Amino acid sequence: MAFEISSEQEMIRLMARDFAKKELEPKAAAWDRQGTFPLEAIKKMADLGLLGMMVPPELGGSGAGAVAYCLALQEIAYACASSAVTMSVANLSTEPLLKFGNKQQKEKWLTGLAEGALLGAFALTEPGAGSDPGSMTTTAVLKKDKYIINGTKVFITHGQYADIINLIARTGQEKGTKGLSAFIVEKGTPGFKIGTKEEKLGLRASNTVELVFEDCEIPAKNLMGNPGEGFKVAMGALDSGRIGIASQSTGIARACLDEAVSYSKERRQFGKTINSFEAIQFMLADAATKIEAAYWLTLIAADRKDRGLKFTKEASMAKLLASETANSTAYMALQVHGGYGYTKDYKVERLYRDARATTIYEGTSEIQRIVIARELIRE
Ligand code: CAA
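Just so we're aligned, residue 15 is where the sequence shown starts under the numbering used here, counting upward by one.
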């Protein structure tokens, strides 16, 4: 396999690194402490084309592709994991329209999302339907030229700030994954309101809210794809989403490793810097090896997407390995810092909390294993 990062992809990586260093890194700790959603920084990311990277230029996107997207997202996550999940979900939110939207829907919403004039969110999960979205109960009932929506969605990333929501709801009588359909719901639609805002362990500068729909009427023409195709729309979007979370995880893991290496050079015990002890060296070596594997596996999945190949299995493998690596590297980095790492004076404390979400959202590690095993058996 010949795989090379092109000079254009490298330029995008460096642009994102420069932006993250100047605009995110100096403020990330304060945003985390105060639970501030960094709206201005997100707008600047939109201006740089970071929120519509998979959308082709004729539809307003940068058309940079999935590999460039992964490289850029890692740099954002290295500086601020919360901004990275916002970037990841914004890009994920372009996928349903890109693949299933008709011409009018693309013109109305996709160009706005890609150019950064609109922010998109993705609403699949419900209080009783997390790993098993097929058990969702939110309904969308067709009445003349309108769908009437009733139900509650939870854990919706930047739901409070989103201009449009990709909503999956039940339209048919069929049980499970059948009978679901995908819609666009615009902010401000009567009957749609923002519910509880979650107080989270980590990723505290990302906004996570409940969305409540009570007799919310939307035009029937907001349906994406055909009635009954909602599960397919959601799973396709999640394939892309998972390479985003794999990139976020790799960025967090790299930040943890760099913090551990640099602290181990300064900290002296038993008359030496602690990086001279093999126990510490082995921890650093193991983490660096896993991060390198996660980095390349993520790019392999992204490259398959760019080449129009199926990448469901590779996206789940990348998400599984990278998110577990983010957690093990965060654990290791905090261990290297000892008691100091357990205080808010050191960056590893925030990274440790931020890493924890990565093995949970966009499919737990257990769900990724199910997807990988099913694809293997199918192949
Ligand atoms: N692409 C397209 N179609 C797909 C697909 C994919 N990747 N995966 C499955 N499908 C299709 C199947 O082919 C099947 O179609 P047919 O009925 O025509 O045969 C249909 O969907 C049903 O598939 P399954 O039988 O495999 O469905 P299942 O109920 O067994 O579930 C699952 C499979 C993989 C466990 C899935 O439910 C899943 O991924 N669960 C995790 C959900 C998740 O990741 N939630 C994250 C929420 S979003 C979030 O976290 C975002 C955020 O804010 C950070």
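Note that beta-carbon positions come from the ideal geometry of N, C-alpha and C, so glycine has one too. These numbers were taken from a predicted model, which means no experiment stands behind them.
Whole-angstrom C-beta distance between residue j and residue i, which should lie under 8 Å
i: LEU87; j: SER254; result: The pair is not a contact, with the Cβ atoms about 12 Å apart (cut-off 8 Å).
i: ALA154; j: THR185; result: 5 Å
i: ALA183; j: GLY239; result: Contact doesn't hold; Cβ gap of about 13 Å is too wide.
i: GLU376; j: LYS333; result: 7 Å
i: TYR345; j: ALA234; result: Actually they are not in contact, since the Cβ atoms of TYR345 and ALA234 sit about 50 Å apart, beyond 8 Å.
i: GLU89; j: ALA131; result: In fact, because the Cβ distance is near 24 Å, the residues do not count as touching under 8 Å.
i: ILE259; j: SER102; result: 6 Å
i: ARG370; j: GLY216; result: 6 Å
Buried/exposed call for residue i, threshold 16 Cβ in 10 Å
i: PHE169; result: buried
i: GLY66; result: buried
i: GLN23; result: buried
i: THR272; result: A small fix is needed here, since residue 272 is Asp in this sequence, not Thr. The residue in question, ASP272, is exposed, as its Cβ has fewer than 16 Cβ neighbours within 10 Å.
i: ALA299; result: exposed
i: ASP46; result: buried
i: LEU38; result: buried
i: GLN295; result: exposed
i: GLU393; result: exposed
Distance, residue j Cα to residue i Cα
i: ILE257; j: ALA315; result: 7 Å
i: TYR175; j: LEU133; result: 7 Å
i: VAL247; j: PRO110; result: 6 Å
i: GLU140; j: GLY285; result: 55 Å
i: ILE198; j: CYS230; result: 12 Å
i: ILE56; j: GLN119; result: 24 Å
i: THR326; j: GLY148; result: 18 Å
i: ILE384; j: GLN283; result: 45 Å
i: GLY355; j: ALA43; result: 14 Å
i: GLY352; j: ALA336; result: 24 Å
i: LYS117; j: LEU124; result: 10 Å
i: ALA34; j: CYS94; result: 8 Å
i: ASP368; j: TYR309; result: 18 Å
i: ILE305; j: ALA340; result: 8 Å
i: GLU224; j: PRO70; result: 32 Å
Nearest residue (CA-CA) to residue i, options the options
i: LYS36; options: TRP123, TYR92, ILE208; result: TYR92
i: ILE26; options: ALA135, TRP45, TYR83; result: TYR83
i: VAL167; options: GLY352, THR339, THR152, TYR161; result: Note that residue 167 is Lys in the sequence shown here, rather than Val. Considering only alpha carbons, the answer is THR152.
i: THR373; options: MET331, ARG388, TRP310; result: MET331
i: GLY244; options: LYS57, GLY75, ALA95, PHE136; result: PHE136
i: ALA60; options: TRP123, LEU127, THR343; result: LEU127
i: LEU311; options: GLN349, THR264, GLY352; result: THR264
i: LYS192; options: ALA347, MET29, MET249; result: MET249
i: GLY79; options: GLY144, TYR345, ARG318; result: ARG318
i: GLY77; options: THR108, SER97, ILE90; result: THR108
Residue-level contact to chain B via CB, residue i, 8 Å cutoff
i: ALA82; result: In the displayed structure, chain B is absent; only one protein chain is listed.
**Study point:** In chain order, each alpha helix (DSSP H) run of at least 4 residues that lies wholly inside the segment 311-358
**Key:** 326-351
Review point. In chain order, which continuous runs of the alpha helix (DSSP H) of length 4 or greater are located wholly inside the segment 91-136?
Key: 95-106, 109-114, 125-129
**Study point:** Whole beta strand (DSSP E) elements within the segment 140-168, 3-residue minimum
**Key:** 153-157
**Study point:** Inside the segment 20-49 only - alpha helix (DSSP H) runs reaching at least 4 residues
**Key:** 21-33, 39-48
**Study point:** Within the segment 195-258, ranges of the beta strand (DSSP E) (whole runs, at least 3 residues)
**Key:** 206-211, 222-233
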